[in-house]
Amino acid sequence: MPAEWSHRWRELASHDLMTGRGGESRMVERWAALARRLDEPGEQRPDPVLQFVLDRLEPTLTVLDVGAGVGRWTIPLAERARAVTAVEPVEGMRRALQDRLSSRQMTNVTIVGRPWLEADVPRHDVSVAAYSMYTSPDLPAFARKMEACSTRLCGMAMRIPAPGGVIGELSEAIHGDWHDSPNFIVGYNALLEAGLSPNVFVEPAAARYWTDATFEDAIARARRHLRLSGGQFDGL
Numbered sequence: 272m273p274a275e276w277s278h279r280w281r282e283l284a285s286h287d288l289m290t291g292r293g294g295e296s297r298m299v300e301r302w303a304a305l306a307r308r309l310d311e312p313g314e315q316r317p318d319p320v321l322q323f324v325l326d327r328l329e330p331t332l333t334v335l336d337v338g339a340g341v342g343r344w345t346i347p348l349a350e351r352a353r354a355v356t357a358v359e360p361v362e363g364m365r366r367a368l369q370d371r372l373s374s375r376q377m378t379n380v381t382i383v384g385r386p387w388l389e390a391d392v393p394r395h396d397v398s399v400a401a402y403s404m405y406t407s408p409d410l411p412a413f414a415r416k417m418e419a420c421s422t423r424l425c426g427m428a429m430r431i432p433a434p435g436g437v438i439g440e441l442s443e444a445i446h447g448d449w450h451d452s453p454n455f456i457v458g459y460n461a462l463l464e465a466g467l468s469p470n471v472f473v474e475p476a477a478a479r480y481w482t483d484a485t486f487e488d489a490i491a492r493a494r495r496h497l498r499l500s501g502g503q504f505d506g507l
């Protein structure tokens, strides 16, 4: 049987907004802004998926954070575990992560600046990848390497697309596929198709939809997500 879902994931990952040099710059800018918000005083929005992992950590365990970014998960993991290895290939993200670690005087995090499938890391007790697999065309290989590097727990966090979203409807009308980008539905089926059988924990929260301040902002967002240029498809 043809690997339909793996092919779909590969196609979507190759078109992901964060791929390419321009996409990388946008990604660094976006996540640097998030890092500033995370470091602001005050209570942060709870992350039940991260908490699911934290509840299973012990002070003696080691954790591998694949695609660590600016440390949204890395820092809470390092506060709970003995040591964390943060794999992050993007230089701007590594700088932001290192700055955040230095400001907290945290010394139990090792940063590896390689793409995940090229990184040489030892086995850890726990390995996690929070939304970092979206630019990896070969999801089964991504997951299998994580499994090989884990002795107790291996988990990936993915976005579940909200049903009835406008972007999905536009993507289907323009590209012939409701899925405009890599997500849990495509990823889960690709893993099953490859012979992997992941357990699933779903965040107990209502569906969240993108919102924009103006109609023009919403149009601009739709164009970015759907990879449109100029006035193409403005009549939809």
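Here the sequence shown is numbered in the working numbering, starting from 272 and rising by one per residue. Note that beta-carbon positions come from the ideal geometry of N, C-alpha and C, so glycine has one too.
Nearest-angstrom Cβ-Cβ length linking residue i and residue j, presumed shorter than 8 angstroms
{"i": "Gly-466", "j": "Met-429", "result": "Rounded, the Cβ-Cβ distance is 19 angstroms, inconsistent with contact."}
{"i": "Thr-333", "j": "Ala-352", "result": "6 angstroms"}
{"i": "Val-392", "j": "Cys-420", "result": "6 angstroms"}
Residue from the options with nearest C-alpha to residue i
{"i": "Ala-339", "options": "Arg-371, Pro-319, Trp-280, Ala-476", "result": "Arg-371"}
{"i": "Ala-461", "options": "Gly-436, Ala-433, Pro-411, Ala-357", "result": "Pro-411"}
{"i": "Met-404", "options": "Ala-414, Asp-451, Asn-379", "result": "Ala-414"}
{"i": "Pro-469", "options": "Asp-451, Ala-390, Pro-453, Glu-418", "result": "Glu-418"}
{"i": "Val-320", "options": "Val-473, Glu-329, Arg-492, Ala-303", "result": "Val-473"}
{"i": "Pro-408", "options": "Gln-315, Val-355, Pro-453, Leu-328", "result": "Pro-453"}
{"i": "Asp-310", "options": "Asp-391, Leu-424, Ala-354, Leu-368", "result": "Leu-368"}
{"i": "Val-299", "options": "Arg-492, Val-361, Ala-401", "result": "Val-361"}
{"i": "Pro-330", "options": "Thr-485, Pro-434, Thr-406, Asp-396", "result": "Asp-396"}
{"i": "Leu-424", "options": "Asp-451, Arg-394, Pro-434, Thr-406", "result": "Arg-394"}
{"i": "Arg-494", "options": "Ile-456, Asp-318, Asp-451", "result": "Asp-451"}
{"i": "Arg-301", "options": "Leu-328, Leu-348, Gly-363", "result": "Gly-363"}
Whether residue i touches residue j by CB criterion (8 angstroms)
{"i": "Ala-284", "j": "Val-341", "result": "no"}
{"i": "Arg-365", "j": "Ile-382", "result": "yes"}
{"i": "Asp-483", "j": "Ala-476", "result": "no"}
{"i": "Leu-335", "j": "Ser-374", "result": "no"}
{"i": "Val-337", "j": "Trp-387", "result": "yes"}
{"i": "Glu-464", "j": "Ser-277", "result": "yes"}
{"i": "Val-324", "j": "Gly-426", "result": "yes"}
{"i": "Arg-343", "j": "Ala-390", "result": "no"}
Outcome for residue i when other beta-carbon atoms lying within 10 angstroms are tallied against a minimum of 16
{"i": "Glu-487", "result": "exposed"}
{"i": "Glu-359", "result": "buried"}
{"i": "Glu-275", "result": "exposed"}
{"i": "Pro-432", "result": "buried"}
{"i": "Asp-326", "result": "exposed"}
{"i": "Glu-350", "result": "exposed"}
{"i": "Met-272", "result": "The pLDDT assigned to Met-272 is 44, lower than 50, so where the model puts this residue is not dependable, and the model offers no usable value."}
{"i": "Ala-304", "result": "exposed"}
{"i": "Thr-356", "result": "buried"}
{"i": "Thr-406", "result": "buried"}
Run through the region 309 to 383 for me and flag every whole beta strand (DSSP E) of 3 or more residues, listed as ranges in chain order.
Inside the region 309 to 383, DSSP marks whole beta strand (DSSP E) runs of 3 or more residues at positions 333 to 337, 354 to 358, 380 to 383, from first to last along the chain.
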